[in-house]
Ligand code: ATP
Ligand code: MG
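In our numbering, the protein residues as written are 55 to 501.
Listed below in structure tokens is the structure:
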């Protein structure tokens, strides 16, 4: 365990400072080597940002960034293996023992720290474990407060991604936002629209994969950010479902489902979007019961638009949109051929994600939490896959070429016959031999 450095602040001329002892050495072995070599070259060098924050918190840092007075050119001369990552911004990656560390050049330590987002992230630590704190970051960590370095409005305007970072840190660390910082986020929430989609996407992924995605999304909503990140979700809050299967509005249900999913991106993203079409498909019948006919199909299309806009990869878009489309499959009394069609549509590799989403959907709805349909589908799918039963036309024992050899003219008729054969084989896998399929074709030949 680390000492609690917060109990031991030391004041140096001009800045508040603390010492971090003990595990510092162990957690920063390679970083220490890099800093030592920079110091030996006559330069200043510090550990900086999130890793120092984490150590002050007594947490193990997960990535470690270094800043130095050496220029990128000078850094390259000191180390054997240096990769340019953002030389425009003065950043290179130094590779030590196969691990790589970002090293960024500064003009002055104070100026570098003044450009960082929050006081807790504007800390630097030297080789002896002394922390340099020009903006009150250590006190803010002690008081569990997120506060921008400098005027919040200016800082959020300069880089609106900080709006989302504030939300993520608040939930992740269990901190509150300083009143002015929070008010400024609410005032400037629309600025997130002007931020590069890739950056918003990456921050959204971090939020979804965090320990409390539901709380993060709730805070995004409370700060006004959510409707600018995914406007399609704006209607969720207070959207009542008028349905006995549901005890929450669409927003609360979505947060519950999100918190019930395993921490993988595709499932979490699908959880966020699975009911995206509920507001637009809502109808109330004569018994005052709410319905959302085809919300999975409309939702699939809406999810595709959203994920494209946020520049997600084709692979993620394909998987998430299928999950949204199929999340309702548990409602259908699905037969064995039905499960085969499901596997074919969604891909065997995505089945576990689908079942995880469905279970999360069930436990996020009103009880009784009947998982019977999902359990049956899972078992059925497992036995179909174990038995290597035919699932698609390419598994059929005969092909279009065989039909042409049997005298059928090339054309759409062939595709139709193949499709019909597949339907038969999905019902009766034992029919999938060349002989019996050829016989079936001959018997049904109408020309
Ligand atoms: P995490 O634990 O998520 O890695 P972090 O604070 O380390 O949190 P990084 O994205 O790794 O986040 O950034 C490292 C440091 O760079 C931050 O601590 C902060 O000092 C600075 N920083 C990152 N993003 C910004 C930004 N948008 N504006 C200003 N400073 C930033
Ligand atoms: Mg970091």
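Glycine included, each C-beta is placed from N, C-alpha and C at the ideal position. Predicted, not measured: the structure shown is a model, and the values here were computed from it.
Q | At least three beta-carbon pairs within less than 8 Å, the segment 232 to 242 to the segment 275 to 293 | A | Yes: at least three Cβ pairs fall under 8 Å.
Review point. From this set, 484, 464, 459, 481, which residue's C-alpha is nearest residue 496's C-alpha?
Key: Ranking 484, 464, 459, 481 by Cα distance to residue 496 puts 459 first.
message = the ligand ATP and residue 408: does the residue's C-beta get closer than 7 Å to at least one heavy atom of that ligand?
response = Answer for residue 408: no, Cβ out of range of the ligand ATP.
Between which two residues does the alpha helix (DSSP H) harbouring residue 470 extend? Annotation for residue 470: the continuous alpha helix (DSSP H) segment containing it runs 466 to 481.
| query | Is the beta carbon of residue 319 less than 8 Å from the beta carbon of residue 375? | reply | Taking 8 Å as the Cβ cut-off, residue 319 and residue 375 do not qualify as a contacting pair.
**Q.** Alpha-carbon spacing of residue 509 relative to residue 368, whole angstroms
**A.** Because the chain here runs from 55 to 501, residue 509 falls outside it and cannot be looked at.
query: Taking all protein chains shown into account, do 16 or more other C-beta atoms lie within 10 angstroms of the C-beta of residue 90, making it buried, or fewer, making it exposed?
result: Residue environment for residue 90: exposed (fewer than 16 other C-beta atoms within 10 angstroms of its C-beta).
Note to self: I'd like to know whether the C-beta atoms of residue 236 and residue 261 end up nearer to each other than 8 Å.
What the structure shows: Not a contact, by the Cβ cut-off of 8 Å.
(message) Let me check understanding here. Comparing Cα to Cα, which of 128, 193, 247 lies closest to residue 232?
(response) Per the C-alpha coordinates, the member of 128, 193, 247 positioned closest to residue 232 is 193.
- Report whether the distance from the Cβ of residue 242 to the nearest heavy atom of the ligand ATP is below 7 Å. No.
*Could you give the distance in angstroms between the alpha-carbon of residue 486 and the alpha-carbon of residue 492?*
Going from the Cα of residue 486 to the Cα of residue 492 covers about 10 Å.
Can you give the Cα-Cα distance for residue 57 and residue 311, rounded to whole angstroms? Note that residue 57 scores a pLDDT of 48, beneath 50, so its modelled location is shaky; the value from the coordinates is reported in the next line. Rounded to whole angstroms, the separation of the alpha carbons of residue 311 and residue 57 is 39 Å.
Beta carbon of residue 11, beta carbon of residue 285: below 8 Å? The structure shown has nothing for residue 11, since the chain only spans 55 to 501.
Cβ of residue 121 less than 8 Å from any chain D Cβ? Annotation note: the requested chain D is absent from the structure, which comprises a single protein chain.
request  = Check the C-beta distance from residue 151 over to residue 84 and give it rounded, since I have them as a contact under 8 Å.
outcome  = Going by Cβ atoms, the distance from residue 151 to residue 84 rounds to 6 Å, so yes, they are a contact pair.
Taking any heavy atom of the ligand ATP as the mark, which residues have a C-beta closer than 7 Å to it, listed down the chain? Going along the chain, the residues that qualify are 102, 103, 104, 105, 107, 108, 116, 117, 119, 169, 170, 171, 175, 176, 213, 215, 216, 219, 260.
Query raised in the report: Is residue 394 buried or exposed, if buried means 16 or more other CB atoms sit within 10 Å of its CB?
Result: Its Cβ being crowded by 16 or more others within 10 Å, residue 394 is buried.
*asked:* On the criterion of 16 or more Cβ atoms from any shown chain inside 10 Å, does residue 422 qualify as buried, or is it exposed?
replied: Exposed.
In the segment 283 to 338, which residue ranges form an unbroken alpha helix (DSSP H) of at least 4 residues, counting only runs that do not cross its ends? You should have 304 to 314, 319 to 327, 332 to 335.
Margin query: Please list the terminal residues of the continuous beta strand (DSSP E) segment that includes residue 159.
Written below: Segment 153 to 159, the beta strand (DSSP E) holding residue 159.
Next on the checklist: So for residue 187, helix, strand or coil by DSSP?
Outcome noted: The three-state secondary structure of residue 187, taken from DSSP, is strand.
Q. What is the DSSP secondary structure of residue 99, counted as helix, strand or coil?
A. It is a strand residue.
Cβ shell of residue 507 (< 6 Å), same chain only, five flanking positions each side left out:
As shown, the chain starts at 55 and ends at 501. That puts residue 507 outside it, with no answer to give.
Separation of residue 429 from residue 188, as counted between CA atoms:
Within the model, the alpha-carbon separation for residue 188 versus residue 429 is close to 57 Å.
Below 8 Å, how does it come out for the segment 95 to 102 and the segment 114 to 125: are there three or more Cβ pairs, yes or no? As far as the Cβ criterion goes, the segment 95 to 102 touches the segment 114 to 125, which means the pair count is three or higher.
- Do you know how far the Cα of residue 356 is from the Cα of residue 109? As the crow flies, the alpha-carbon of residue 109 is around 42 Å from that of residue 356.
Review point. Grouping DSSP H, G and I as helix and E and B as strand, with all else coil, what is residue 109?
Key: The three-state reading of DSSP puts residue 109 in helix, counting H, G and I together.
Quiz item: Whose C-beta lies closer than 6 Å to the C-beta of residue 321 among residues of the same chain, with five residues either side of it excluded?
Solution: A distance below 6 Å between beta-carbons, with the five flanking residues on each side excluded, links residue 321 to the following residues of its chain, in chain order: 315, 407, 410, 411.
| message | Please classify residue 214 as buried or exposed, where buried requires at least 16 other C-beta atoms within 10 Å of its C-beta. | response | Result: buried.
Checklist line | Where residue 425 falls: helix, strand or coil (DSSP) | finding: Note: residue 425 maps to coil in three-state DSSP.
If we require 4 or more residues per run, which alpha helix (DSSP H) segments fall completely within the segment 163 to 210? Counting whole runs of 4 or more residues, the segment 163 to 210 contains the alpha helix (DSSP H) stretches 163 to 168, 191 to 196.
Rounded distance between the beta-carbons of residue 296 and residue 350, thought under 8 Å = Not a contact, Cβ separation roughly 18 Å.
Practice problem: For the alpha helix (DSSP H) holding residue 447, just list the boundary residues, first then last. | Solution: It is not in any alpha helix (DSSP H) - residue 447 carries neither H nor E in the DSSP assignment.
Q. Can you give the Cα-Cα distance for residue 216 and residue 254, rounded to whole angstroms?
A. In this structure, the alpha-carbon of residue 216 lies about 10 Å from that of residue 254.
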